[in-house]
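Heads up: the structure comes next, in structure tokens.
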């Protein structure tokens, strides 16, 4: 049996430590271009909506109360996001990035996956029903 | 009172179950290290058993309920009774008598027979194929394995395990009957359904073989039975071929050495198809062991 | 006063059962129409580099032997009945882990006609792991969060409005 000639490889496994990365107890550095959760910086946003239009999974929605006054809220569905970074590529102002540190996104219920980015007052206004702009 | 203590606590009963779990852990851990990975923690078989005992038992509609509940119990009881006749931990067998070699081998077969019957009990097609494969494999390795254990019995001139181990203490049968040793080790792997002979419980082919419909308590008892069978089988082969077992340290050294060989072969070879298994056993296994017996007979006659 | 010794024994038995269930989660994997990306990552988690067996997780063949059902894929029309059947065949206590963005909400297929839109439209889910596909470490993180939640049976209130900058 040709397989039996691999006995040297098998026994070599005993001669060094296992290659397992003991994940929750030791964390290794992630690659810098890892596409984790989406981060949004409101300062440069003009609420053009290109990111929402381009998302293949309809994970983004731009809800603008007042564009000139920069009262913009971005609704982000983490559970629909494919982490493809099309929104990042297409944003003309460069206000979207994908975090390479925040990728441990598992949760025990789905409510935590709908995120609203923006100022607190704007978010409360949106949630209270004062919707304008791209509505899903 | 002393009988009760021997049967329930030590060296029968609970300590045989604990030894079975320890050997199962050693088997999994060594296999993991040979495959370059960490492997389970030391309490893993204990946690598995407790979890299975605490799970809901689902009984399929069309089974015979007495067989369904009783077969795992009989299997575990058979394996634990076999442990009474072998020199566990280097102590002389608790209840030896003339002919107990045959009884021990029969009791170890009882476990496999019960698993085969349990698979044939339900209407599930996977269980039925698993049961067929289990019984076919039982049919194929049993004769060469028995003959391989018969070799030492022939030279010792007795059917009692105690006498055979006393003879093995003086003559190292590993050297005088090497072919028998090889057949015995491989026969043990066939009996325990370890890879490469694990066609009866081939996960990717027949879901889980004969034990597909079992969950909870039944599965826990079969699981424990397999662990006990591992210990008893290793003790038998070590006691016969590696020189008898003198004390607990000797016991652990010899049986764990044999387990090392078993795990090495397990990590190395892939699964054989059931007809390749039967072909291997009935062609090479039986032939080799008959050659060994022939050599012994010719030597006895010539001397 | 007569209740005291009984409940102490029950407490020990419950503690032992919980300990055993946390330390020995046997899993079965089901693909309900996914592209296999998440399946490949799940299998990668079982390889020596990330080794789920050190948590006691073994991949079983039969649903009757498993505690945890790991599902990937948006539930397509053909897979829906089979998924429900496998879920019902598992004995209690059982947990479901949904892996990948298709399994959580349908992902890019969330408004297709032949897709049920996420696993929790069909069977109750206990842990969600987003990603397309999630890294093996993210899968281990999700399984660890599920096992950690078994220790504290009280559910945490869901935060419907969480802000991060």
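Residue numbers (this note's numbering), protein chains in the order written: chain A, 974 to 1109; chain B, -15 to 287; chain C, 308 to 472.
All C-beta atoms in this analysis are idealised placements derived from N, C-alpha and C, irrespective of residue type, glycine included.
From a predicted model like this one, the values you see are computed outputs, not experimental measurements.
{"Asked": "Using beta carbons (cut-off 9 Å, strictly below), is residue 1081 of chain A in contact with chain C?", "Found": "yes"}
{"Asked": "Can you tell which of A/1088, A/999, A/1102, A/1097 has the C-alpha that lies nearest to the C-alpha of residue 1034 of chain A?", "Found": "A/1088"}
{"Asked": "Does the region 227 to 244 of chain B come close enough to the region 199 to 212 of chain B that 3 or more CB-CB pairs lie under 8 Å?", "Found": "no"}
{"Asked": "Can you give the beta carbon distance from residue 1059 of chain A to residue 1028 of chain A, rounded, assuming they're within the 8 Å contact cut?", "Found": "7 Å"}
{"Asked": "Give the interface partners of residue 363 of chain C over in chain B, defined as CB-CB distance under 8 Å, in chain order.", "Found": "24, 25, 28, 31, 32"}
{"Asked": "Roughly how many angstroms separate the alpha carbons of residue 457 of chain C and residue 329 of chain C, rounded to a whole number?", "Found": "7 Å"}
{"Asked": "Which residues in the same chain have their Cβ closer than 6 Å to the Cβ of residue 998 of chain A, if we skip the five residues on either side of it in sequence?", "Found": "none"}
{"Asked": "With a threshold of 6 Å on Cβ separation, who are the neighbours of residue 231 of chain B within its own chain once the five nearest residues in sequence on each side are excluded?", "Found": "74"}
{"Asked": "Identify the residues that DSSP records as bridge partners of residue 446 of chain C: which are they?", "Found": "DSSP lists no partner for residue 446 of chain C."}
{"Asked": "Verify the CB distance criterion: does residue 997 of chain A have a CB-CB separation below 9 Å to chain B?", "Found": "no"}
{"Asked": "At a CB distance below 9 Å, what residues from the region 413 to 432 of chain C approach chain A? Give them in sequence order.", "Found": "413, 414, 415, 416, 417, 418, 425, 427, 432"}
{"Asked": "Does residue 234 of chain B come out as helix, strand or coil in the three-state DSSP assignment?", "Found": "helix"}
{"Asked": "In whole angstroms, what is the alpha-carbon distance linking residue -10 of chain B and residue 401 of chain C?", "Found": "39 Å"}
{"Asked": "So, under 8 Å CB-CB, residue 430 of chain C and residue 403 of chain C are touching, yes? Tell me the CB distance rounded to an integer number of Å.", "Found": "6 Å"}
{"Asked": "Of all the CB atoms in chain C, is at least one closer than 9 Å to the CB of residue 231 of chain B?", "Found": "no"}
{"Asked": "Could you list which residues in chain C have their beta carbon closer than 7 Å to that of residue 1052 of chain A, in chain order?", "Found": "408, 411, 412, 435, 437"}
{"Asked": "What do you get for residue 315 of chain C, buried or exposed, if any count of 16 or more other CB atoms within 10 angstroms of its CB means buried?", "Found": "exposed"}
{"Asked": "Alpha carbon to alpha carbon, how far is residue 364 of chain C from residue 1011 of chain A?", "Found": "31 Å"}
{"Asked": "Can you tell me whether DSSP reads residue 429 of chain C as helix, strand or coil?", "Found": "coil"}
{"Asked": "If distances are taken between C-alpha atoms only, which option among C/371, C/321, C/367, C/383 comes closest to residue 428 of chain C?", "Found": "C/383"}
{"Asked": "Let me know if residue 39 of chain B comes out buried or exposed under the rule of 16 or more other beta-carbons within 10 Å of its beta-carbon.", "Found": "buried"}
{"Asked": "Taking Cβ-Cβ distances below 7 Å as the criterion, which residues of the region 72 to 100 of chain B are in contact with chain C?", "Found": "none"}
{"Asked": "Would you say residue 1068 of chain A lies against chain C (beta-carbon separation less than 9 Å)?", "Found": "no"}
{"Asked": "Residue 1061 of chain A and residue 1055 of chain A look like a contact to me (Cβ under 8 Å); what is the Cβ gap, rounded to whole Å?", "Found": "With 8 Å as the limit, residue 1061 of chain A and residue 1055 of chain A do not qualify as a contact, their Cβ atoms being about 12 Å apart."}
{"Asked": "To which residues of the same chain is residue 1008 of chain A closer than 6 Å at the C-beta, ignoring the five residues directly before and after it?", "Found": "1056, 1058, 1071"}
{"Asked": "Identify, in the order they occur along the chain, each residue of the same chain with its Cβ nearer than 8 Å to the Cβ of residue 1067 of chain A, setting aside the five sequence neighbours on each side.", "Found": "1017"}
{"Asked": "Measuring CA to CA, which of A/1053, A/1005, A/992 is closest to residue 412 of chain C?", "Found": "A/1053"}
{"Asked": "Taking the beta carbon of residue 957 of chain A as the centre, do at least 16 other beta carbons fall within 10 Å, making it buried, or is it exposed?", "Found": "This structure cannot settle anything about residue 957 of chain A, because the visible part of chain A is limited to 974 through 1109."}
{"Asked": "So the beta strand (DSSP E) residue 336 of chain C belongs to, where does it begin and stop?", "Found": "334 to 338"}
{"Asked": "Contact defined as beta carbons within less than 8 Å: I believe residue 145 of chain B pairs with residue 79 of chain B. What is the distance between those atoms, to the nearest angstrom?", "Found": "So it is not a contact: roughly 11 Å between Cβ atoms."}
{"Asked": "Indicate whether at least one CB of chain C lies closer than 9 Å to the CB of residue 1031 of chain A.", "Found": "yes"}
{"Asked": "Would you mind telling me which residues of chain C sit closer than 8 Å to residue 993 of chain A, beta carbon to beta carbon, in chain order?", "Found": "355, 356, 357, 358, 361"}
{"Asked": "In the DSSP assignment, find the alpha helix (DSSP H) that holds residue 1059 of chain A and state where it starts and stops.", "Found": "1059 to 1063"}
{"Asked": "For residue 78 of chain B, name the three-state secondary structure that DSSP assigns.", "Found": "coil"}
{"Asked": "Helix, strand or coil, according to DSSP, for residue 1039 of chain A in the structure here?", "Found": "strand"}
{"Asked": "Mind listing which residues of the region 246 to 257 of chain B have their C-beta closer than 8 Å to chain A's C-betas, in chain order?", "Found": "248, 251, 252, 253, 254"}
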